[in-house]
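Protein chains in written order, with my numbering: chain A, 1195 to 1642; chain B, 2 to 386. Report on the following structure.
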Amino acid sequence: MSKGLRIRRGARINLKGKAEKIINESVGSRTYALQPDDFFALTPKMHLKEGAKVQAGTPVFFSKNNPRIQFVSPVAGTLKAIVRGPKRKILEVVIEAQGDEAVSHTVAQPEKMDREAIVEVLLQSGSWPFLRQRPYNVIADPEVHPKAIYISAFATAPLDADFEFLLKDQLASFQKGIDVLHQLAETIYLATDQNYQSALAAIKHTTHIPVSGPHPAGNESVIIHHTDPLAMHEKVWTIRPEDVVNIGLLFETGQYSAQRTVAVAGSAVGKPHYIKTKIGAQLSTLCEIAEVDTQLNLRYINGDVLTGRRTQQQGHLGFYNNLLSIILEGNQYRMFGWMPFKDNGIPSLSKTSFAWLSNKAKAIDTNLNGEERALVVTGEMEKVFPMDIYPMQLLKACMIGDIEKMEWLGIYEVIPEDFGLIDFANTSKIEAQEIIKDAMYLMLKEVG
Amino acid sequence: MSFIRKKLDQIRKPFEKGQKWERFAPAINAFDTFLFVPNHTTSKGAHVRDAVDLKRTMITVVLALMPALVYGIYNTGYQHFIQLGQSFTFMDAFLHGAFKVVPMIVVSYVVGLSIEFAFAVYRGHEVNEGYLVTGLLIPMIMPVDIPLWMVAISVAFAVLIAKEAFGGTGMNILNPALTARAFAFFAYPTYMSGNKVWVSEASTLDGVSGETILGSLAAGQDVSYSTLQMFQGGIPGSIAETSALWILVGALILIVTGVGSWRIMAGGVLGAALMGFLFNLWGANALMQFDWFNHLVVGGFAFGIVFMATDPVSAAQTQKGKWIYGLLVGVFCILIRVFNPAYPEGVMLAILLMNVFAPTIDHYVVEANINRRKKRWAKTNLKTA
């Protein structure tokens, strides 16, 4: 696909505090944590008890539905705590780092290994959860032969990490990772930013798709939809670019790699830049390095401001995210804030504010800027949803749980994060991502 | 500002959860959120939200209505003094109009909002902002001399039957403001048509020719106004419908802010122009001979297509559907005008009719999308089978 993919509908929300292109190499933290909530619809089962000694790569828990899928410790040390929530749900498995022993696996040149052997290494090393499967964005099923694997190195969400920059010194490992994935699926699509002379264009065994356009142009769903849309019963896999490197490193060293380069960004960050650490690192360490004023009332988000998961300063980095967004909480009143053309400093896609006139980076807080209402305004969702799917009709089908209608209207082609901008833009303050997430649980239960 | 905030927090106390007047919280919230955008932060979904909310959207529509309303108030006085043959100043005309129109607006808001508040408390949801627009629209599309109690009953009918019976703002099928007018039109026909109702206090005088242009045409009389006069709006008619010029200003506000659908407006103008042009070619009677461009500026067409047909709840909701919906509103408006002399104003019935058919239009637009998907699935299943 040489002519590339041009997305027109969507929005660029220019926020203050974009990460500067500096990488702070190998930052360690005192504790690391695995959070089962990072994986959609996962029921974890513990291997270990509190106090157990672990090496980097020791399995900590596994998936109840598919015991072959292991989740391993990113570092060596002691399992310090299993934090549970209501109904004894596991929220966090905290590991105190100590020493540097690591579990070793026997690996060979990926070209010389057959598919089964590669799957086995990925499963045993704990690298398997890097692969996720559409529909539903669950961890890939090792029994499935996917139609294709999609990788998007074009992150378009507000403040998101620049993968061209992030991967520039690790292209060899990236290629290695692709070689491994090539044994799992015939076709690998690699999407990159069209406005950039991408070094990734030279990566072998991939179909290169240059993409341009506003967010959510870089979302895998959008790229899948416009290259080879998913039909009922079809499956594709996705993987994040840095995890391709992690798989490459596994096949170079024989050890599980949990490398995570994270952009610490947002208006509340004093020195927004990239920090290279490991999956599950403690946020307080990262905040200190990035000079976050933790005295302020802040919102810590694992991921981008539209789709990320809320956490706290004592929390830990998520499994998949290359972005840590930190912004101010917005629990203040605004007098007559409903008047059109008032408070133009708040980013707005609506023309009832002058915000669209200036493209200057703006600060944003977590104020709801209004109250939830019934759906009244039409057409605004379509403007930020660049797929041949009717978002409002799909949402309504999801609200009433009409499975047949959801299928017809395209539930298989979307995941909650595609509705991030709809959450942001819609006048009625409807939480579209929640509606889609609930609908996907329903689909998993009823259809599977 | 913080003083007012503190005072408000104090007043709110007994309405908080678990307190004595908890049930009435929606009522006090409506006043509170009118003064302050609340301090609520996001808990689920996206962590950041657009500055726009339903209040802002509705207030934008109210702003867009202002030019037509102010001119309508002036025109009420202007028609009164012109038909009576008295001399007057701009201020005289404006004050006369304001004296007539403002009480209607007050009645409409008091009756409508009382019902809205009662339902919000009864159902335990927040008061919706939709009535801010509806409540202003209703007096603007009434004849000026209609008694206030009729306004009150029409409003009550519209809010209860057209809106709350369906579940409130966002759930209604018919446009509430037009339902109010349709109710008055069929319940009190003598106050809603004829040649005495369109000019303020005309019924007390003989020899007043206060017929609307469409009314005259339907009766087979000649029209003595030029196109420019009709466009500018110094003609008899419902309070705010007469001036295409000031309605156009409102339309611009709606289109630029993106609050009103330009697709519906463009579709409507196209449909009406096309239909008017076809009738011009036919030319069997006075109404058919009435130039197509004049059709666009007389009667309620301009007001209806800009402010009523674009109501997002009762209109078609898909982008393609909006074109079809608008086009058909225009076509039916002129059809009704020309073929049914009992209803010289066709736009009200055309919009209500299309309100009913809007879900059907959307159904077929969405069905096309579903069929595309089904076809694709069939193809891939063939490949893999």
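Heads up, the beta-carbon is just placed ideally off N, CA and C, and yes, glycines get one too. Please read these numbers as outputs of a predicted model, since none were measured by experiment.
Name, going along the chain, the residues of the region 249 to 271 of chain B whose beta-carbon falls closer than 8 Å to a beta-carbon of chain A.
V257, T258, G259, V260, S262
Can you tell me the Cα-Cα spacing of M1637/A and N1331/A, whole angstroms?
12 Å
Compare the C-beta of V1248/A with all C-beta atoms of chain B and state if any pair is closer than 8 Å.
no
What residue from T191/B, K321/B, A303/B, Y365/B has the CA that sits closest to A69/B's CA?
A303/B
Along the chain, where does the alpha helix (DSSP H) containing A99/B start, and where does it finish?
91 to 124
Can you list, in chain order, the residues of its chain with a C-beta nearer than 7 Å to that of R13/B? Leave out the 5 residues immediately preceding and following it.
I29, D33
What are the residues of the region 43 to 57 of chain B that lie near chain A, defined by any Cβ-Cβ distance shorter than 9 Å?
T43, S44, K45, G46, A47, H48, V49, R50, D51, A52, V53, D54, L55, K56, R57
With contact counted as at least three CB pairs below 8 Å, one residue from each stretch, are the region 312 to 320 of chain B and the region 189 to 205 of chain B in contact?
no
Using the beta-carbon of each residue, which ones in chain B are nearer than 7 Å to W1532/A?
V38, D54, K56, R57, I60
Determine the burial state of Y110/B: buried for a count of at least 16 other Cβ atoms within 10 Å of its Cβ, exposed for fewer.
buried
Can you name the residues that DSSP bridges to R1200/A?
S1406/A
Between H1420/A, E1485/A, D1437/A, H1241/A, which lies nearest to F1255/A when the distance is taken from Cα to Cα?
H1241/A
Does the beta carbon of K1545/A sit closer than 8 Å to a beta carbon anywhere in chain B?
yes
Tell me whether V1405/A is buried or exposed, calling it buried when 16 or more other Cβ atoms sit within 10 Å of its Cβ.
buried
Using DSSP with H/G/I as helix, E/B as strand and the rest coil, what is M1195/A?
Reliability fails at M1195/A, whose pLDDT of 45 lies under 50, so the model's placement of it is uncertain and no value is given.
Is it buried or exposed, M1195/A, if we count other Cβ atoms within 10 angstroms and call 16 or more buried?
Residue placement at M1195/A cannot be trusted, given a pLDDT of 45 that sits under 50; what the coordinates show is reported in the next sentence. Under this definition M1195/A is an exposed residue.
Using the Cβ count rule (16 or more neighbours within 10 Å means buried), how would you classify K1631/A?
buried
Return the Cβ separation of F1618/A and A47/B in integer angstroms, given the expectation that the two are a contact with Cβ distance under 8 Å.
5 Å
Could you spell out where the beta strand (DSSP E) holding G1271/A opens and where it closes?
1271 to 1278
Residues bridged to D1559/A [DSSP beta-bridge criterion]
L1522/A
Span separating the alpha-carbon of A1270/A from that of G1251/A
8 Å
Work out the CA separation of L1522/A and I1418/A for me, nearest whole Å.
34 Å
Would N1553/A and S1547/A qualify as a contact pair, given that the criterion is a beta-carbon distance under 8 Å?
no
For K1247/A, which three-state DSSP category applies?
strand
I need the straight-line Cα distance from A157/B to I116/B, nearest angstrom please.
8 Å
Going by beta carbon distance, what residues of the same chain come within less than 6 Å of G98/B, once the five residues before and after it are set aside?
I74, Y75, T77, G78
Run through the DSSP bridge pairs and tell me what G169/B is partnered with.
Answer is none; G169/B lacks a bridge partner.
Where F232/B and L36/B are concerned, what is the direct C-alpha to C-alpha distance, given to the nearest angstrom?
39 Å
F1256/A - containing alpha helix (DSSP H), residue span
Unbroken run through F1256/A is the beta strand (DSSP E), 1253 to 1257; no alpha helix (DSSP H).
Where the alpha helix (DSSP H) containing P1238/A begins and where it ends:
Note, P1238/A: premise wrong, no alpha helix (DSSP H); beta strand (DSSP E) at 1238 to 1240.
Proximal residues of chain B, C-beta to C-beta of P1423/A below 7 Å
R377
Sort out for me which residues DSSP pairs A1205/A with in a bridge.
H1409/A
Taking C-beta pairs closer than 7 Å, name the residues in chain B that L1562/A reaches, listed in chain order.
H41, T42, T43, R50
So, are the CB atoms of S201/B and Q20/B less than 8 Å apart?
no
Compare the beta carbon distance of G1182/A and L1273/A with 8 Å and say whether it is the shorter of the two.
Residue 1182/A lies beyond the stretch modelled for chain A, which goes from 1195 to 1642, so this question has no answer here.
I want to see whether chain B comes within less than 8 Å of T1501/A, judged by CB atoms only; does it?
yes
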